[in-house]
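Protein chains in written order, with my numbering: chain A, 1 to 505; chain B, 1001 to 1352.
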Amino acid sequence: MPRVVGPFRAPQAGAWRAVYDPSVDKVIDRLRRVLPPGAVLATAEELKPYECDALMLYRRAPLAVVLPAAEAEVAAVLRTCNEAGVPVIARGAGTGLSGGATPNPDAVLMSLARLNRIVGIDPLARTARVQPGVRNLAISEAAAPYGLYYAPDPSSQIACTIGGNVAENSGGVHCLKYGLTVHNLLALRVLTIEGELMEIGARSLDAPGYDLLALLTGSEGLLAVVTEATLRLIPRPECARVVLAAFASLAEAGQAVADVIAAGIIPAGLEMMDRPAIAAVEPFVKAGYPLDAEAILLCECDGTAHEVEEEILRVEAVLQRAGSTECRISRDEAERLRFWAGRKAAFPAMGALSPDYYCMDGSIPRKRLAAVLEAIRKMEGKYALRCTNVFHAGDGNLHPLILFDSNNAREVARAEAFGAEILELCVREGGSITGEHGVGLEKIDQMCVQFGRAELATFHAVKRAFDERGLLNPGKAVPTLHRCAEFGRLHVRGGQLPHPELPRF
Amino acid sequence: MTDLSSLQESIRSAADARRPVRIRAGGSKDFYGGPLVGEPLDVGGLSGISDYEPTELTVTAGAGTRITQIEQVLAERGQMLAFEPPRFAGRATLGGAIAAGLSGPRRAYCGALRDFVLGVSMIDGRGELLHFGGKVIKNVAGFDLSRLVAGSLGTLGLITEATVKVAPRPRAECTLRFGMEQPSALESMVLWATRPLPLSATAWHDGYLHVRLSGAEAAVRAARESLGGELMGDAEEYWDGVREQRVDLFSAAPDLWRVSLPMHSPPLPTQGRSLVEWGGALRWLPGPQDASALRALATRLGGHAMLYRASVKPTEGCFQPLPPAMLSLHRRLKAAFDPQGIFNRGRLHPDL
């Protein structure tokens, strides 16, 4: 029986309309024929939960949602869509902050959540083979009995899945020492848009030909669909301790970060919070942060007990020499976790300061930290909005949080302009518009700031080498040469993130 | 200093005429990969460190800058290239190191060259100067083309400049030597790698396992006590020999096979001497081998085999052949960067 499919045709300038398109029904019927019962969702009610990922600003129902549970089913979906010329968007847990999995009303959204099997852990080879829908933290849990773990730990690690981590090249608090996803991946099984299986990388430490493993990592679902990943596991450090250091100025705190690195120390984590952020979190978590400090640094060392003892004292000495007004070393695990609790509660705590905030994700050379933070302070006056900073100082990855009220249209416009100016400043300082959240839909305009026409043309040529017709995750990550239309940013209403149960840092 | 615009001009005219060119700086890796085809395009003049900030842990240098020069400047500030690329008698350059993608003894424990590449500037086959990645450690904007270029043997374009991540030199380092045969050496390397030990290199050959420990004083001391073995005197010289393939075993024959395997693979049933590196993940075999049998074995074990040094370059190429679907993807990628197919023809694969 024919039915009205909608209201999810692509909006032009916000005009949503219901359209009956018989070819859509045909694709859905064909998908139903290649998948088990219940694996194709197409009613408005069924599609509702899939309207957005963690970038909630963009809500659009997909054409249909498919839930394959095996590699062969993923291949069947891709073949079907490829034959019909219908785009496909792969999705994991939907925790991405940049809209990499935002649906498109003309595209099939393929959730890989049912491919959630840990295929095997090889403790001697120190590898885990997992399907893309396995949660990041579940890998470390499964490896724990062998004294091993999977190092990349994005803040959403209790929910985010490994397929999404590969697509975004996810990092985490510990990536200064342990690297990003790309550094902890050995091999992938992927399917092309034609449904053809390719084995990328190897269980050995290198593979013949081009380094497609590096190319696919962070490609935001534009090149292929991951159906299995082989990950590197590492021995869990015996212990970890953290130093909490307070500074009377942002400049001194920024310099202290450089001094730690200059002393030849690569801490497991090195995080900074500015005064407004400290003031926001302390009443919540009572982490014991000094309220009179302009900035605090949290510097974690891990390793064997001896190693940590040696390193933590060196860190303390460096921070004291850098002018720290107060320096505290965690005495036990409970205190270490308390020091971190404030950092981890920082994003949720912003809800008490402001009805909404934009979270930016620029990265800069560390030496420019103080100057960029000062420049952001000045922008607060220019845009008449407050901005707090809580971020991965050790790797120069800023997360400025611009506070605003979305009920005030003028504030929204100012907040957007403020964010854009910050990202453009990051590019000018030799950094990047995104350190770890990805481009997705959110920062597609700023890609035009960071890259020139020739680089963008090369990205498109690489895309075509994998996906001639542009059917995989169209419109994300790489802007077309003539598009620089305005998109928004991470928009948080009432301090509530789309996954309020996840810590965000 | 070579002028970038004249290089661009040379590339454009080569592309117009579909005339092959081969990119060359120190020439230290002329032996590596397929035959040398085309007119040399010398980038040795693109030399010099343009940016080095020890606190940023990054160094930016022209493609023709010698690895030894970079290492010397880093050493003055207590830093190093952790991927330990071969220096090949001082002739190896940054651009060549990245193009070849070769990493040294530390690779199994600290990461490969490509893990440390943060950005490259390059000229593509249309003569366009392109910049990918950058100078910051965290950067996920756009496809990671600077890492794709690493190990592509110049087939995608001419690297003009690159930024790599550097690492602090370890505060303490020592090398232990154990008399053992290959099976127990393999077993020890694999077991030790599952423990939080400060391993930074391992090599077995001729009845001895060599284990380098690097890190905090306390960690190195504790590991040394727990592992035992005999402390090695001229360790730095020894590891340089492994890194540069100067240990005598490497030159035992004109042909040298390099077999890359999962770490815990068994000893290979091949005849003659062998050298095992990277915790068991890299096996060097001097002397002629039955290429197809060795490749089939490597594939079965989950790895691959290549003819690293060849007395005669085989027509099927030095590297493990690629499956058909993979080869056609490689062709399309090559064409995306180099539509006329002028760069380093046949160097990585006979058909690229």
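C-beta: ideal position from N, C-alpha, C; glycine also.
Run of the alpha helix (DSSP H) containing G164 of chain A, from where it starts to where it stops: The residue given as residue 164 of chain A occupies position 164 in the first sequence. That run of the alpha helix (DSSP H) goes I162 to E168.
If you draw a straight line from the C-alpha of Q131 of chain A to the C-alpha of R236 of chain A, how long is it? Reading the first sequence from its first residue, position 131 is the one you call residue 131 of chain A. Reading the first sequence from its first residue, position 236 is the one you call residue 236 of chain A. One alpha carbon belongs to Q131 of chain A, the other to R236 of chain A, and they sit about 23 Å apart.
Residues in the region 1246-1258 of chain B having any Cβ partner in chain A nearer than 7 Å: Residues passing the 7 Å Cβ filter: none.
Determine, using beta carbons only, whether V1220 of chain B and E1173 of chain B come nearer to each other than 8 Å. Residue mapping note: residue 1220 of chain B aligns to position 220 of the second sequence, counting from 1. Residue mapping note: residue 1173 of chain B aligns to position 173 of the second sequence, counting from 1. Cβ distance < 8 Å, so V1220 of chain B and E1173 of chain B count as in contact.
Please decide whether P1350 of chain B counts as near chain A, where near means a Cβ-Cβ distance under 8 Å. As a working mapping, residue 1350 of chain B is identified with position 350 in the second sequence. So, not an interface residue.
Can you name the start and end residues of the beta strand (DSSP E) that N389 of chain A belongs to? For this step, residue 389 of chain A is matched to residue 389 along the first sequence. For N389 of chain A, the uninterrupted beta strand (DSSP E) segment begins and ends at C387 to F391.
Buried or exposed for N165 of chain A, going by 16 or more other Cβ atoms inside 10 Å? Position 165 of the first sequence holds residue 165 of chain A. So N165 of chain A ends up on the buried side.
Name the chain A residues whose beta carbon is nearer than 8 Å to that of G1272 of chain B? Within the second sequence, numbered from 1, the residue matching residue 1272 of chain B stands at position 272. Within 8 Å Cβ-Cβ: nothing; G1272 of chain B doesn't reach chain A, min ~21 Å.
Starting from the Cα of G100 of chain A, find the closest Cα among A:N169, A:A251, A:K378 and A:L313 and give me that residue. Here residue 100 of chain A corresponds to residue number 100 of the first sequence, with the count starting at 1. Nearest C-alpha to G100 of chain A: A:N169.
Using the rule of at least 16 other Cβ atoms within 10 Å of the residue's Cβ for burial, across every protein chain shown, is D1016 of chain B buried or exposed? Here residue 1016 of chain B refers to the residue found at position 16 when the second sequence is read from its first residue. Per the 10 Å Cβ criterion, exposed.
Does DSSP put H1330 of chain B in a helix, a strand or coil? To locate residue 1330 of chain B, count along the second sequence from 1; it is residue 330. Correct three-state label for H1330 of chain B: helix.
Minimum C-alpha distance to M1122 of chain B - residue among B:R1091, B:T1155 and B:G1111: Translated into the one-based positions of the second sequence, residue 1122 of chain B becomes position 122. Measuring from the Cα of M1122 of chain B, the nearest candidate turns out to be B:T1155.
On a CA-only basis, which of A:Y50, A:L373 and A:I278 is nearest A345 of chain A? Give me that one, please. Position 345 of the first sequence, counted from the start, is the residue given in the question as residue 345 of chain A. Nearest option by C-alpha distance: A:I278.
Chain A beta carbons: is any one of them nearer than 8 Å to that of R1300 of chain B? For the purposes of this step, residue 1300 of chain B is taken as the residue at position 300 of the second sequence. It does not; no Cβ of chain A falls within 8 Å.
Determine the extent of the beta strand (DSSP E) in which A1025 of chain B is found, giving its start and end residues. The residue you call residue 1025 of chain B lines up with position 25 of the second sequence. Element bounds for A1025 of chain B: n/a, residue is neither H nor E.
Here's a check: name, in chain order, each residue in its chain whose Cβ is nearer than 8 Å to the Cβ of H1304 of chain B, leaving out the five neighbours to either side. As a working mapping, residue 1304 of chain B is identified with position 304 in the second sequence. Excluding positions up to five away in sequence, the list reads V1259, S1260, R1295, A1298, F1319 and Q1320.
What residue range does the alpha helix (DSSP H) around F404 of chain A cover? The residue labelled residue 404 of chain A in the question sits at position 404 within the first sequence. Where F404 of chain A is concerned, there is no enclosing alpha helix (DSSP H), although the beta strand (DSSP E) it sits in stretches over P400 to F404.
Taking DSSP as the reference, what is the three-state secondary structure of T304 of chain A? Sequence index remark: in the first sequence, residue 304 of chain A carries index 304 (1-based). Here T304 of chain A sits in coil by DSSP.
With three or more C-beta pairs closer than 8 Å as the rule, is the region 1086-1096 of chain B touching the region 1019-1030 of chain B? Counting Cβ pairs under 8 Å, three or more are found: they touch.
Limits of the unbroken beta strand (DSSP E) element including F247 of chain A: Translated into the one-based positions of the first sequence, residue 247 of chain A becomes position 247. Element bounds for F247 of chain A: C239 to F247.
What does DSSP give as the partner residue(s) for A44 of chain A in the beta ladder? Translated into positions along the first sequence, residue 44 of chain A becomes position 44. For A44 of chain A, which the question treats as bridged, DSSP gives no partner whatsoever.
Quick test of the definition: if touching needs 3 or more C-beta pairs under 8 Å, does the region 1170-1186 of chain B touch the region 1130-1140 of chain B? Touching, no.
Using beta-carbon positions only, say whether V173 of chain A and G85 of chain A come within less than 8 Å of one another. In the first sequence, residue 173 of chain A corresponds to position 173, counting from 1. In the first sequence, residue 85 of chain A corresponds to position 85, counting from 1. Taking 8 Å as the Cβ cut-off, V173 of chain A and G85 of chain A do not qualify as a contacting pair.
Give me the Cα-Cα distance between R1243 of chain B and E1236 of chain B, rounded to the nearest whole angstrom. Position 243 of the second sequence, counting from 1, holds the residue named residue 1243 of chain B. Position 236 of the second sequence, counting from 1, holds the residue named residue 1236 of chain B. Spanning the two alpha carbons is a distance of roughly 10 Å.
Between W1284 of chain B and chain A, is there a C-beta pair that is closer than 8 Å? What you label residue 1284 of chain B is simply residue 284 of the second sequence in a count that begins at 1. With a threshold of 8 Å between beta carbons, W1284 of chain B makes no contact with chain A.
Could you check the C-alpha separation between R338 of chain A and V285 of chain A for me, to the nearest Å? Against the first sequence, residue 338 of chain A aligns to sequence position 338. Against the first sequence, residue 285 of chain A aligns to sequence position 285. Computed Cα separation, rounded: 8 Å.
Would you call E46 of chain A buried or exposed, if buried means 16 or more other Cβ atoms sit within 10 Å of its Cβ? The residue labelled residue 46 of chain A in the question sits at position 46 within the first sequence. Its Cβ having fewer than 16 others within 10 Å, E46 of chain A is exposed.
So, with DSSP's three-state summary, where would you put R30 of chain A? As a position in the first sequence, residue 30 of chain A is number 30, starting the count at 1. In the structure shown, R30 of chain A falls within a helical segment according to DSSP collapsed to helix, strand and coil.
Go ahead and pull the three-state DSSP assignment for H460 of chain A. Taking the first residue of the first sequence as position 1, residue 460 of chain A is located at position 460. H460 of chain A: helix per DSSP, three-state reduction.
Closer than 8 Å, CB to CB, is L148 of chain A near chain B or not? Position 148 of the first sequence holds residue 148 of chain A. Yes - at least one Cβ of chain B is within 8 Å of the one on L148 of chain A.
Backbone CA spacing between A280 of chain A and A352 of chain A [nearest angstrom]: Your numbering for residue 280 of chain A matches position 280 in the first sequence. Your numbering for residue 352 of chain A matches position 352 in the first sequence. Looking at the backbone, the Cα of A280 of chain A and that of A352 of chain A are separated by about 7 Å.
So the alpha helix (DSSP H) D1115 of chain B belongs to, where does it begin and stop? To locate residue 1115 of chain B, count along the second sequence from 1; it is residue 115. Per DSSP, D1115 of chain B is one residue of the alpha helix (DSSP H) stretching across L1113 to F1116.
Is the Cβ of K367 of chain A closer than 8 Å to any Cβ of chain B? Start at 1 with the first residue of the first sequence, and residue 367 of chain A comes out as number 367. Yes - at least one Cβ of chain B is within 8 Å of the one on K367 of chain A.
Would DSSP call I158 of chain A helix, strand or coil? Within the first sequence, numbered from 1, the residue matching residue 158 of chain A stands at position 158. It is coil, neither helix nor strand.
In chain A, what lies closer than 8 Å to E1244 of chain B by C-beta? Position 244 of the second sequence holds residue 1244 of chain B. Result: empty, since nearest Cβ-Cβ is about 19 Å, beyond 8 Å.
Please confirm if the region 1267-1282 of chain B is in contact with the region 1202-1211 of chain B, defined as three or more CB-CB distances below 8 Å between the two stretches. Contact holds between the region 1267-1282 of chain B and the region 1202-1211 of chain B, because three or more Cβ pairs, one in each stretch, are under 8 Å apart.
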